[in-house]
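Report on one structure; see the data block that follows.
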Amino acid sequence: MAGPRSRGCRLCKIRKIKCDEKWPVCSPCHRQNLACPGQAPWVSLKGKPTEPRSSQVAIRSRSSVPRAPPSTAGDRVAAQLVNHLNAGANRGRAIQARYLGEMPKRVCVHQSLRDSVSLFYVVLTNFLFQKPAVDFTGLPEYGRAIKSLRLILASNEARTPETLASVTVLQLVEELFNPSQRRMLHASGMTSLVTAIGPPKPDDKFYISILSEIPHAITRGWQDSMNKDSWRDPMGITWSKSNVDKELTESMLPVLHACASASDRTPVHVRGCQALWKPSAGKYLEMSNTELGKEILETAENIDTLLAAMVDKCIERGDIVEEEDPHSLSGTSYSFSSPFLAYTLLHAHCSHVFLSQMRYHWSQFHNWPVADTHYTKLKDLCVHIWKYLRFLRRLEPSVAAVTPRGVYLTLELADETQREHLLDEFTELDRALGKILTPRAVMVGEILFFAKLWTGRRP
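Residue 24 in full-length UniProt numbering is what sits at position 24 of the sequence shown, and the numbering runs on without skipping anything.
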């Protein structure tokens, strides 16, 4: 830990973590993509003249009066959250939870939100002090959060943005800090609540701030509402409230709508692909050469075009800069104008890996002449995703651990050298939680098993 006499940088001292003093940018600041203030000066009191007693009294008289301790549990939790947000300028943005800034004034009046934020603060504090990650479902704070949420869901106040915020925080805590392989049902609960609450009103900043952070999760298998007519305009307003400017937002929405539509059809696509390897699957086999096959190919081609146009536009505007990187598998890596843009594009590309895999194996099974072309496109997509790895490494370790599944699917397209490099990357990204099985042979087997399962190649 960086103490008062350490020459580590000021940011490491504030965060109370060890600074490796590798200048000009220490490793903790490099991983978080922060501006490292550099080596701290020595602090020495030797030879400093003693001030008169009267001066010392004056200094004490000007000191601030200690604040009274919080009088309620809500005030205490709100103070903890404010302290967390003030500790770093980009704390909320770094974990894709800028809505935290809207919560302190609400936790005092909403018990479920208060208990969820209290759990978040406890597990975050343990993480910052580098305590081993544990299954937080055994913590008393988790029991209180679940009890409060159950009570609010059974009341007339269930369909409110505050209730959605409670579930969103629980989902955030699970993704960032829980090393258990067992998954909760908070994601499904969020989907149901969003549907029940309905589209946001233009002046509802709190609800909009939550929605602006969670649409990317739709590409991870949630039920989608974005393509319904009643949601298109409100979701456009939601995205315009993000830190991406209006022109870029208008370019991103077609990509998100296309990925969301493909996500809606993923169960049908997977069952259709399973029918190729299991002829007894009935009606899906009958559709294999007609409607379903045509749908997979057309959907993949449409997303190919939209994603390529989106990336080209970002590069042209300077929102994405491709830089030489000798440590990258592709030889280059991306830098982004904002973490929000990087996350959105990464999730869109990773969700497209699933569809591209199914498109290639579908055409290969039927010996279509375009199979080689589809393989080339799939390989290019994997190389493109590898350019995001430097961005992931520079995030907070807990955030980096929440890596989209599509990143792991690229392992199947890698050669031996690339595979070893990717395994090193996956181990580094997962070091905060340790969810990935450590023996390399086991790790590879697990990833390849799920790659086939998620793309319909296991009957």
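The beta carbon of each residue, even a glycine, is placed where N, CA and C say it ideally should be.
For residue i, which of the options has the nearest alpha-carbon?
i: P140; options: L153, S116 and A154; result: S116
i: N156; options: L119, T417 and I197; result: I197
i: S192; options: T160, I208 and K201; result: T160
i: S261; options: Y375, E21 and E295; result: E295
i: A145; options: Q130, P339 and L170; result: L170
i: M103; options: L164, K22, S356 and F129; result: L164
i: L345; options: D372, I14, L253 and V173; result: L253
i: L307; options: H186, C350, C273 and Y334; result: C350
i: S251; options: E316, A300 and I208; result: E316
i: H374; options: L297, F450 and L389; result: L297
i: L113; options: E162, A133, D319 and G138; result: E162
i: F136; options: D380, E175, A154 and F129; result: E175
i: L128; options: I17, A300 and V407; result: I17
i: Y408; options: V134, K377, L423 and A154; result: L423
i: P339; options: L34, I14, C12 and A187; result: L34
i: H361; options: D319, E425 and G293; result: G293
i: P132; options: L211, L448, N178 and A154; result: N178
i: A158; options: Q111, V122 and K201; result: Q111
i: Y416; options: L395, V444 and T427; result: Sequence check: residue 416 is Glu here, not Tyr. The option with the nearest alpha carbon to E416 is V444.
i: R106; options: V122, H30, G143 and F206; result: F206
i: L395; options: H30, V109 and C19; result: H30
i: A275; options: R458, E291 and W454; result: R458
i: L153; options: L124, F426 and H186; result: H186
i: L453; options: P326, W277 and K377; result: W277
i: L248; options: D204, F450 and C314; result: C314
i: Q130; options: D203, I210, R15 and G138; result: R15
i: T332; options: H384, A451 and D304; result: H384
i: V122; options: F449, G138 and V109; result: G138
For residue i, which residues does DSSP report across the bridge?
i: Y334; result: E322
Between residue i and residue j, how many whole angstroms is the CB-CB distance? I'm expecting something under 8 Å.
i: G456; j: V270; result: 4 Å
i: L151; j: V167; result: Not a contact, Cβ separation roughly 14 Å.
i: L429; j: C382; result: About 16 Å; that fails the 8 Å criterion.
i: P24; j: C36; result: 7 Å
i: R393; j: S328; result: Incorrect: roughly 11 Å between the Cβ atoms, too far for contact.
i: Y334; j: E322; result: 6 Å
i: A300; j: S356; result: 6 Å
i: P199; j: I208; result: The Cβ separation is near 10 Å, so there is no contact.
i: Y388; j: A342; result: 7 Å
If you measure between the beta carbons of residue i and residue j, is that distance less than 8 Å?
i: N302; j: A258; result: yes
i: L411; j: R419; result: yes
i: T266; j: F365; result: no
i: E21; j: Q39; result: yes
i: V194; j: L119; result: no
i: S337; j: D312; result: no
i: V255; j: M310; result: yes
i: S330; j: W368; result: no
i: C273; j: M358; result: yes
Would you say the beta carbon of residue i comes nearer than 7 Å to a heavy atom of the ligand NAD?
i: E21; result: Among the components of this structure there are no ligands whatsoever, and the ligand NAD is therefore not found.
Check your understanding: Quick one: complete alpha helix (DSSP H) runs, 4+ long, within the region 100-180?
Key -> Within the region 100-180, the complete alpha helix (DSSP H) runs of at least 4 residues are 104-107, 111-128, 140-153 and 161-177.
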